[in-house]
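First comes the structure, then the notes that go with it.
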Amino acid sequence: MLRVPPNSALIIVDIQNDFCKNGALGITNSDYIIQKVNHLRQHAAFCKVFLTADWHPLDHVSFRPVALENGSPISEEAIWPIHCVEYSDGAAFHHKLIRAATDTIILKGRNKGKDCYSGFGSSAEDTGLLQGLRSLGVKSIFIVGFCTEYCCASTAQDGVKHGFEVYLVEDGCGTLSEETGRKTIADLRGAGVNVVSSNDLLM
Ligand SMILES: [Zn+2]
1 MLRVPPNSAL
11 IIVDIQNDFC
21 KNGALGITNS
31 DYIIQKVNHL
41 RQHAAFCKVF
51 LTADWHPLDH
61 VSFRPVALEN
71 GSPISEEAIW
81 PIHCVEYSDG
91 AAFHHKLIRA
101 ATDTIILKGR
111 NKGKDCYSGF
121 GSSAEDTGLL
131 QGLRSLGVKS
141 IFIVGFCTEY
151 CCASTAQDGV
161 KHGFEVYLVE
171 DGCGTLSEET
181 GRKTIADLRG
191 AGVNVVSSND
201 LLM
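Here it is, written out as structure tokens:
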């Protein structure tokens with residue numbers, strides 16, 4: 001078994017086809033990460049598992065090709081290829097990710113005018129994650145998924161802001177590059193996030 005504090009929730013960030021190998025914004029070692037995430041959820045006693053999903057309308061502000069096509073001024077948020085369009089295959093959870101009927105799905109990035117990396121939402125969007133965690137009396141959150149530099153980091157930082165004990169499981173998070181991943185991990189440590197390896201949780 002893996003040991004986590006009482007009242008711990010697991011937040012699995014964006015393990016969707018578009019963020020996996022061969023996806024629009026694919027993490028190359030996604031298969032390895034998914035295995036790690038599955039192992040963690042099966043061997044640690046989390047009181048709840050939340051699955052976040054990037055879930056964008058087709059004309060989302062973050063889609064650079066759409067902004068270029070429209071010929072309108074390009075927002076600084078328009079930095080990504082088209083990905084995780086709501087109800088598309090790319091937005092579906094990867095088939096190797098173990099899920100349970102009791103998991104709660106948190107959709108984010110639904111506001112077409114503002115991007116949202118954090119599972120907690122943004123000034124334009126309430127995802128319900130905070131309320132979900134509080135209603136269960138969760139004290140600690142463990143974060144895994146894709147990708148370290150953006151959605152995992154942003155969710156972790158918001159978790160700290162909201163008063164949770166936050167753990168980022170480094171080997172359960174996929175990075176865009178080793179270099180940016182390392183820098184992000186250092187920044188998160190500085191922001192009060194506990195960065196751990198799944199091995200640290202072995203009893
Ligand atoms: Zn997105």
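Quick note: full-length UniProt numbering has the sequence shown finishing at residue 203, numbered continuously throughout. Beta carbons are placed, not taken as given, at the ideal position from N, Cα and C, and that holds for glycine. Fair warning: this is a prediction, and the values are worked out from it, not measured in the lab.
Buried or exposed by the 16-neighbour rule on C-beta atoms within 10 Å, applied to GLU170
On the sequence shown, residue 170 is found 170 positions in, with the first residue counted as 1. By the neighbour-count rule (16 or more Cβ atoms within 10 Å), GLU170 is buried.
Round the Cβ separation of LEU168 and VAL195 to the nearest angstrom and send it over; I've been treating them as touching at under 8 Å.
On the sequence shown, position 168 is the one that residue 168 refers to. On the sequence shown, position 195 is the one that residue 195 refers to. The Cβ separation is near 5 Å, so the contact holds.
For a quick check, are the C-beta atoms of THR184 and ALA153 less than 8 Å apart?
Sequence index remark: in the sequence shown, residue 184 carries index 184 (1-based). Sequence index remark: in the sequence shown, residue 153 carries index 153 (1-based). Yes, the Cβ-Cβ distance between THR184 and ALA153 is below 8 Å.
beta-carbon SER75 near ligand 1 non-hydrogen atom, thresh 7 Å:
By one-based count along the sequence shown, residue 75 stands at place 75. SER75: no, Cβ never under 7 Å from ligand 1.
Quick one: is the Cβ of GLY109 within less than 7 Å of any heavy atom of ligand 1?
Here the question's residue 109 lines up with position 109 in the sequence shown. True, at least one ligand heavy atom lies under 7 Å from that Cβ.
In whole angstroms, give me the CA-to-CA distance for GLY113 and ASP187.
Residue 113 sits at position 113 when you count from the first residue of the sequence shown. Residue 187 sits at position 187 when you count from the first residue of the sequence shown. Spanning the two alpha carbons is a distance of roughly 28 Å.
Kindly indicate the opening and closing residues of the alpha helix (DSSP H) around LYS183.
As a working mapping, residue 183 is identified with position 183 in the sequence shown. 178-190 is the span of the alpha helix (DSSP H), which, as asked, contains LYS183.
Hey, could you find the ends of the alpha helix (DSSP H) VAL160 is sitting in?
Within the sequence shown, numbered from 1, the residue matching residue 160 stands at position 160. VAL160 -> alpha helix (DSSP H) spans 153-161.
Euclidean distance between Cα positions of SER140 and PRO6
For the purposes of this step, residue 140 is taken as the residue at position 140 of the sequence shown. For the purposes of this step, residue 6 is taken as the residue at position 6 of the sequence shown. Rounded to the nearest angstrom, the two C-alpha atoms are 8 Å apart.
Look at the alpha carbon of GLY145 and the alpha carbon of PRO73, and state the distance between them as a whole number of angstroms.
On the sequence shown, residue 145 is found 145 positions in, with the first residue counted as 1. On the sequence shown, residue 73 is found 73 positions in, with the first residue counted as 1. Whole-angstrom Cα-Cα distance: 33 Å.
Less than 7 Å separating the Cβ of CYS84 from some heavy atom of ligand 1?
In the sequence shown, counting from the first residue as 1, residue 84 sits at position 84. Yes - ligand 1 has a heavy atom lying nearer than 7 Å to the Cβ of CYS84.
Environment of ILE79 [buried if 16+ CB atoms lie within 10 Å]
By one-based count along the sequence shown, residue 79 stands at place 79. The residue in question, ILE79, is exposed, as its Cβ has fewer than 16 Cβ neighbours within 10 Å.
Would you mind sorting ARG134 into buried or exposed? The rule is 16 or more other CB atoms within 10 Å of its CB.
Locating residue 134 in the sequence shown gives position 134, where the first residue counts as 1. Result: exposed.
Can you pull the DSSP bridge partners for residue 215?
The question about residue 215 has no answer here: the residues shown for the chain are numbered 1 through 203.
Can you tell me which of PHE63, GLN16 and SER123 puts its alpha carbon nearest to the alpha carbon of LEU51?
Here the question's residue 51 lines up with position 51 in the sequence shown. When each option's Cα is compared against that of LEU51, the closest is GLN16.
For HIS95, is the classification buried or exposed, using 16 other Cβ atoms within 10 angstroms of its Cβ as the cut-off for buried?
Taking the sequence shown and counting its residues from 1, the one referred to as residue 95 is at position 95. Flag for HIS95 reads exposed.
So if DSSP puts ASP54 in a beta bridge, which residue, or which two residues, is it bridged to?
For the purposes of this step, residue 54 is taken as residue 54 along the sequence shown, with counting starting at 1. The partner list for ASP54 (beta bridge, DSSP) reads LYS108.
Tell me, please, which residues DSSP counts as bridged to ALA91.
Within the sequence shown, residue 91 is the residue found at index 91, counting from 1. BP columns for ALA91 are empty, so no partner.
Apart from the five residues on each side of it in sequence, which residues of its chain come closer than 7 Å, Cβ to Cβ, to ASN29?
In the sequence shown, counting from the first residue as 1, residue 29 sits at position 29. Cβ neighbours of ASN29 beyond the five flanking positions: GLY174.
Which first and last residues belong to the beta strand (DSSP E) in which ASN194 is found?
By one-based count along the sequence shown, residue 194 stands at place 194. Looking at the DSSP string, the run of the beta strand (DSSP E) that includes ASN194 is 194-196.
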